[in-house]
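With this note's numbering, you'll find the sequence shown wraps up at 671, consecutive numbering, no jumps.
Here the structure is laid out as structure tokens; the discussion comes afterwards.
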Amino acid sequence: MGKVYFYFSTMNGQKSAHAIMKIFSFRQQNKECLVFKPKSDTRDGAYIKSRALNTKIPATMVGEDEKNKMYDLVRGLKCSYVFIDEVQFFSKEKIEELVRIADELDINIFCYGLLTDFRGVLFEGSKRLIECADSIREIVNSCPLCEKKATRNMRLLGGVPTFEGEVIQIGYEESYKAVCRKCFNQFKKIHGGAA
């Protein structure tokens with residue numbers, strides 16, 4: 477039986493760099509790796525991209541309406557490993573498809589993504605992974621304001637923290653800062669209501 481691994485971190489936590497290094501290592505051992513991304517993540521197109529490594533790896537984009545696309549590709553190509561970047565954007569049904577790949581095709585699945593959105597709420601895909609992954613591993617990042625462990629993704633619009641709006645806004649003029657819970661709640665009291 478294959479296993480499902482979920483690596484999570486905050487924004488700028490080097491998740492994609494971790495995935496790229498692992499893919500590179502497996503490919504050096506002549507292991508075939510299939511790489512997928514949710515179609516809803518349009519920021520880097522059909523690539524896993526890392527600012528830390530200044531490199532990118534092609535990925536197959538998967539839409540929510542493409543039932544069993546990953547399963548069929550993995551079964552047809554007989555790969556050794558499957559990698560998913562930005563997994564938080566997948567629905568619970570897509571996560572269950574990954575679990576089927578691990579269980580029925582005996583393939584290890586490596587998922588990388590955020591745990592929570594800018595409000596501190598679990599993403600649907602991340603929630604389902606917590607419920608069914610064999611291994612959940614945190615890639616630790618630190619808060620730039622106090623150096624405690626960063627656990628929240630604070631959205632900034634024009635440099636000002638915001639705690640309202642659509643959850644998925646890829647490609648807009650927002651930026652994010654990974655912060656600890658205490659700093660997040662302090663900013664929320666000032667800019668967005670009760671913490």
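All C-beta atoms in this analysis are idealised placements derived from N, C-alpha and C, irrespective of residue type, glycine included.
- Counting Cβ pairs closer than 8 Å, one from the region 595-602 and one from the region 558-572, do we hit at least three? At 8 Å Cβ cutoff, the stretches touch.
- Task: Taking 8 Å as the threshold, find out whether the region 500-511 comes into contact with the region 528-540 through three or more Cβ pairs.
- Result: With a cut-off of 8 Å on Cβ pairs, the region 500-511 is in contact with the region 528-540, counting three or more such pairs.
- Query: Buried or exposed: where does Y637 fall if 16 or more other Cβ atoms within 10 Å of its Cβ makes it buried?
  - Reply: For this step, residue 637 is matched to residue 161 along the sequence shown. Residue identity differs from the one stated: residue 637 is Pro in this sequence, not Tyr. Burial is judged here by how many other beta carbons sit within 10 angstroms of a residue's own beta carbon; P637 has at least 16 and is buried.
- Task: Please name the residue, chosen from L553, F594, A578, that lies closest to K507 on a Cα-to-Cα basis.
- Result: Looking up residue 507 in the sequence shown gives position 31. Taking each of L553, F594, A578 in turn and checking the Cα distance to K507, the smallest one comes out for L553.
- Query: Is A671 helix, strand or coil when you go by DSSP?
  - Reply: By 1-based counting over the sequence shown, the position of residue 671 is 195. The predicted model places A671 with a pLDDT of 49, which falls under 50 and marks its position as unreliable, so this point remains unresolved.
- Item | Straight-line Cα distance separating G539 from V550 | Sequence index remark: in the sequence shown, residue 550 carries index 74 (1-based). Sequence index remark: in the sequence shown, residue 539 carries index 63 (1-based). Cα to Cα, the separation comes out at about 16 Å.
- Item | Euclidean distance between Cα positions of L621 and E580 | As a working note, residue 621 is residue 145 in the sequence shown. As a working note, residue 580 is residue 104 in the sequence shown. If you take the alpha carbons of L621 and E580, they lie about 46 Å apart.
- Using CA coordinates, which residue listed in S485, I612, E623 is at the minimum distance from I585? By 1-based counting over the sequence shown, the position of residue 585 is 109. It is I612 whose Cα lies nearest to the Cα of I585.
- Where does A654 sit, in a helix, a strand or coil, going by DSSP? Within the sequence shown, the letter at position 178 stands for residue 654. Secondary structure of A654 (DSSP, three-state): strand.
- Message: What residue range does the beta strand (DSSP E) around M537 cover?
- Response: Your numbering for residue 537 matches position 61 in the sequence shown. DSSP places M537 inside the beta strand (DSSP E), whose first and last residues are 536-538.
- Item | Boundaries of the beta strand (DSSP E) in which S516 is found, first to last residue | Taking the first residue of the sequence shown as position 1, residue 516 is located at position 40. No residue range can be given for S516, since it is assigned to no beta strand (DSSP E) and is classified by DSSP as neither H nor E.
- 7 Å Cβ cutoff met for Y557 and F484: Translated into the one-based positions of the sequence shown, residue 557 becomes position 81. Translated into the one-based positions of the sequence shown, residue 484 becomes position 8. Taking C-beta atoms as the reference points, Y557 and F484 fail to come closer than 7 Å.
- Reduced DSSP secondary structure (H/G/I, E/B, other) of N629: Within the sequence shown, the letter at position 153 stands for residue 629. Look at N629 here: in three-state DSSP terms it is strand.
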